Every structure is written in C-alpha cells, then in structure tokens.
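Novice:
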Amino acid sequence: MTVHGAAKVRFAAIREAFENNLESGLDQGAAFAVVYQGHVVVDLWGGHADAVGATPWTRDTLVNVWSTTKGVASLAIAMLVDRDKLDYEAPVADYWPEFAANGKQDVTLGCLMSHQAGLPGSDQPTTLEDIYDWHPFADGLAAMAPLWPPGSTAAYHPLSHGHLAGEVLRRVDGRTMGTFVAEEISRPLGMEFYIGLPEAEDGRAAETIVGPGTTDPIIEAEDRPLARIGYLNPRFPVDIPNQRPWRAAEIPAANGHGDAIGLAKLYGALAQGGSLDGARLLGRGTLAAATEERFRGNEAGFDRPMAFGAGFMLNVDHEFGPSDAAFGHSGWGGSFAYADPDAGLGVAYVMNRMLGFGDRPDPRRLALLDALYSAL
0 MTVHGAAKVR FAAIREAFEN NLESGLDQGA AFAVVYQGHV VVDLWGGHAD AVGATPWTRD
60 TLVNVWSTTK GVASLAIAML VDRDKLDYEA PVADYWPEFA ANGKQDVTLG CLMSHQAGLP
120 GSDQPTTLED IYDWHPFADG LAAMAPLWPP GSTAAYHPLS HGHLAGEVLR RVDGRTMGTF
180 VAEEISRPLG MEFYIGLPEA EDGRAAETIV GPGTTDPIIE AEDRPLARIG YLNPRFPVDI
240 PNQRPWRAAE IPAANGHGDA IGLAKLYGAL AQGGSLDGAR LLGRGTLAAA TEERFRGNEA
300 GFDRPMAFGA GFMLNVDHEF GPSDAAFGHS GWGGSFAYAD PDAGLGVAYV MNRMLGFGDR
360 PDPRRLALLD ALYSAL
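Residue 153 in numbering that gives the first Met the number 0 sits at position 154 of the sequence shown, and the numbers go up by one each step.
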C-alpha cells in the first residue's frame, strides 16, 4: 500500500513501521503524526478508507476515534477551568443543580471527570435515540443514585462521561461540546475535529471495520455488572460509526471524527504547556490541575489497571511511551493521542480497522512508538 506524507530524516524509521503495519494487514487505512517541540516532524497516511480497498485514505480522510474523543472533551472542560468558569474542586451541582439528586450534591467536577462519580451508565433502560437526543441520557444521569460511594473507586464511563462533561460545559458556557470544540480548539489550532460530523463531510469519513478481538469487551461485559451498565445499555453494533445518526449526534465520549495531524497538534500544544504557533488553549497551572492524578488502580468495571486525571488518561504500562508524565486518551480498537511533556511530543494515531489484543499491547502502537523513541 502506498504511504503518503513526510517524516523528517531523523524519524525515517517511523515511516517504515507505518508501512509494515499496512503491508502486514494489521491496518487497512491509517494516519500517524508527531509534533516535536512545536514542529511537525511526522505526518503520514496511507491504505484505504473502505473495507474493499476501493477508496484511498487521503490527507483529508476523517475517522471515528471512539474514546480518544474524551481527551478533547477533557481539554474543553480544562479551558473553562482556566477561564474561571469552572473549578475542579467545586460540586457539579453548583453548575447543574439537578445533578444534586439522590445524594450527589457533594460530587466535585474532578471526581466526575475521573470516572469516580458512580455513573458509568444509566440505571434505566436506555436507547440509542436517548443518547443521540442528549437530554434523555443526560437528565437520567443527573437523576440517578450513584452506583458506589463517589470518590471511593472508579469504573470507566464509556458513553456517560461525555454527556456528563458536556452538560456541565453547556450549563456554564451555553454552547454544546461540539460547538465549543469547533470554535475554541479546532479553529485556533487550524485542525479538524468534529463532535457531531456535518452531513456535508460524510464523503470524507472512513468506514469503520470490525477486526478480530474487537467485540471482546462486549462479550466480557455480560458477566460484569458495572461494565454491563456502561457498555450494553444500550446495545449497538461495533460498526455503528458507519451510520449517519451516530455521526450526526454529539457524543463527546465516543464519536469524535478527526485526523492524526490535528490531534498531534492539540497534544503538541499541551506538551508545551498549552500553546502552539501563537494559539493559547490554557495555562500551565490549569494543565497541571487537569492532569493531576485523581485515580490509579484497577477500575471496577473490567478490573483493569488505569489512571485518570480530570478526564485525561495517565500513562499506565507505557501505553503513551516511557514518560510517567505522559497523558492523553486511547480509543476502542486502537486509536490514541497523547502529550509527552518530558520529550516535548504530541503524538496521534488513527485508523479504521479496529483490533483487540486482550491483555497484550497493540503491536501497531508498539512498532510506531518504538521507532519514535528510538529516534529520540
């Protein structure tokens, strides 16, 4: 498969690793980008945007990145903290009064953002239309009792995290998460990232391909009560990003559409304290608060090791390279984007062939990051 784009000479081995992922069949179509100390040093794309191999992956291809979206949504919340419109230590009910129901009046924004609020999903039967329509899902989460004492543990909030964060943002800012991201993040950085993909951009969206191991979390969730609430209520097909209603909705936990170079620029800015090419997203103090460790241990849904700041995933098992200071977010099936402040890196990988490897690391990620850090 033809690989397009460029990598600086120092990073030439990354191009080889990227090509190998495509040639081996691990990837169908993908993109990988690196911003190093404020400069784009890798911007690669290749393969096909569809399953049958008829549509080339181009510089303009967009793809659903699943939970990698959460990192962008977490940045939006951090930007409002930076503007003194939100406070991580303040009760969520200060901004969203209805959230105080059923004993949640003292749950702080930091607790909510770090998956510790006891709301991994709705405790009532939920449909996809409830998710798409926003208010039925968000209002239901505000009304329910937490499923554990808030702050006592964490269980990953696969879909609810975005509606919780997005409703807080809407209450204090007036805009939806998708509009805020477009106006306050994508536009200043000159990137493309959509939470709610306009129908006019449908032709650029890559087809999501369900590969081996992808459905394992769904199967495993059947026997895990907290995971079942988050992952199976509602049930939906893994290739749902190919459907227009999913693309059109605002689901800040899971349906962001973007490319690797845009996400690398975003995290390249965060790796430098919050600014890139004259665009300031937030200050260093707020970024430190957003990435301060709020939970580390085995989350209660799947009993797997995780660590969270205020929405950002913190580095566990070198998922984001060797630095303990690295933070970002990964997505179902393989996408990831992160900042490594120690090395001055913003790194992003997106793809359309979802794969699962159980407890083993994704070999695509290993190959790319091994080549990157060897070059450094």
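Where is the CB? At the ideal position from N, CA and C, for every residue including glycine. Keep in mind it's a predicted model, so treat the numbers as computed, not measured.
1) Would you call the stretch 341-359 and the stretch 262-271 touching, i.e. three or more CB-CB distances under 8 Å?
2) Okay, do the stretch 192-212 and the stretch 133-145 touch, 3+ Cβ pairs below 8 Å being the bar?
3) When you compare each of His3, Glu221, Asp258, Gly282 to Asp81 by their alpha carbons, which one comes out closest?
4) Taking three-plus beta-carbon pairs below 8 Å as touching, is the stretch 37-54 in contact with the stretch 10-18?
5) With DSSP as the reference, identify every bridge partner of Pro321, one or two as the case may be.
6) When you compare the stretch 168-178 with the stretch 223-243, are there three or more beta-carbon pairs, one atom per stretch, that lie closer than 8 Å?
7) Which complete beta strand (DSSP E) runs does the stretch 246-307 hold, if anything under 3 residues is left out?
8) In this structure, does DSSP put Asp339 in helix, strand or coil?
9) What number of angstroms, rounded off, separates the C-alpha of Ala253 from the C-alpha of Gly195?
10) Going by DSSP, name the residue or residues bridged to His90.
11) Would you kindly check if the distance between the Cβ of Pro119 and the Cβ of Pro90 is under 9 Å?
12) Counting only the same chain and skipping the five closest in sequence on each side, list residues whose C-beta sits under 7 Å from that of Trp95.
13) Give me the DSSP bridge partner(s) of Leu188.
14) Please confirm if the stretch 47-65 is in contact with the stretch 214-226, defined as three or more CB-CB distances below 8 Å between the two stretches.
15) Run through the DSSP bridge pairs and tell me what Arg352 is partnered with.
16) Start and end of the beta strand (DSSP E) containing Asp42?
17) Tell me whether Ser66 sits in a helix, a strand or coil according to DSSP, three-state version.
18) Exposed or buried, which one is Gly310 when buried takes at least 16 other CB atoms within 10 Å?
19) For Pro240, which residues of its own chain have a beta-carbon under 6 Å away from its beta-carbon, when the five flanking residues on both sides are left out?
20) List the DSSP bridge partners of Gly4.
21) Report the three-state DSSP secondary structure of Leu365 (helix, strand or coil).
22) Go to Ala16, then tell me how far its beta strand (DSSP E) extends in each direction, as first and last residue.
23) Straight-line CA distance for Asp26 to Ala205?
24) Alpha helix (DSSP H) containing Tyr230: first to last residue?
25) Gly177 lies in the alpha helix (DSSP H); which residues open and close that run?
26) Give me the Cβ distance between Gly332 and Leu368, rounded to the nearest whole Å; I'm assuming they're in contact under 8 Å.
27) Does the stretch 353-361 come close enough to the stretch 265-285 that 3 or more CB-CB pairs lie under 8 Å?
28) Quick one: what does DSSP say Gly195 is sitting in, helix, strand or coil?
29) State the start and end residues of the unbroken alpha helix (DSSP H) segment that holds Ala309.
30) Taking buried to mean at least 16 other C-beta atoms within 10 Å of its own C-beta, is Ala287 buried or exposed?
31) Grab me the residues of Asp341's own chain with a C-beta within less than 6 Å of its C-beta, minus the 5 sequence neighbours each way, in chain order.
32) Among the residues of its own chain, which have a CB less than 8 Å from the CB of Ser274, if the five just before and after it don't count?
33) Could you name the residues of the same chain whose beta carbon sits closer than 8 Å to that of Asp316, not counting the 5 residues immediately before and after it, in chain order?
34) Can you list, in chain order, the residues of its chain whose CB lies under 8 Å from that of Ser159, leaving out five sequence neighbours each side?
35) Report the residue from Thr152, Gln242, Glu128, Ala48 whose alpha carbon sits nearest the alpha carbon of Leu111.
36) Is the distance from the Cβ of Ala30 to the Cβ of Asp258 below 9 Å?
Specialist: In terms of the structure at hand:
1) Using a C-beta cut-off of 8 Å, the stretch 341-359 makes contact with the stretch 262-271, since at least three inter-stretch Cβ pairs fall below that distance.
2) no
3) Gly282
4) Judged by Cβ distances under 8 Å, the stretch 37-54 makes contact with the stretch 10-18, as three or more pairs qualify.
5) Per DSSP, none; premise fails for Pro321.
6) no
7) 255-257, 294-298, 303-307
8) For Asp339, the secondary structure class from DSSP, reduced to helix, strand or coil, is strand.
9) 10 Å
10) Before going on, a small fix: residue 90 reads as Pro here, not His. The partner list for Pro90 (beta bridge, DSSP) reads Thr107.
11) no
12) In the same chain as Trp95, and ignoring 5 residues on each side of it, the C-beta atoms closer than 7 Å to its own belong to Ala141, Glu166, Val167, Arg170, in chain order.
13) According to DSSP, which records beta bridges pairwise, Leu188 is partnered with nothing at all.
14) no
15) Ile208
16) 38-46
17) coil
18) buried
19) Asn63, Thr207
20) In DSSP, Gly4 forms a bridge with Leu43.
21) Looking at Leu365 - three-state DSSP - the assignment turns out to be helix.
22) Run containing Ala16: none in the beta strand (DSSP E); it sits in the alpha helix (DSSP H), 11-22.
23) 13 Å
24) Residues 224-230.
25) 176-180
26) Gly332 to Leu368, Cβ: 17 Å. No contact.
27) When C-beta atoms of the stretch 265-285 are compared with those of the stretch 353-361, fewer than three pairs fall below 8 Å, so the two segments do not count as touching.
28) Coil.
29) Taken as a continuous stretch (DSSP letters only), Ala309 belongs to no alpha helix (DSSP H), as it is neither H nor E.
30) exposed
31) Ser322, Ala324
32) Ala268, Leu280
33) Only residues of its own chain outside the window of five on either side were considered, and among them Pro304, Pro360 have a CB closer than 8 Å to the CB of Asp316, listed in chain order.
34) Leu118, Pro119, Gly120, Ser121, Phe136, Leu140, Gly229, Ala252
35) Here the closest residue by C-alpha is Thr152.
36) Yes.
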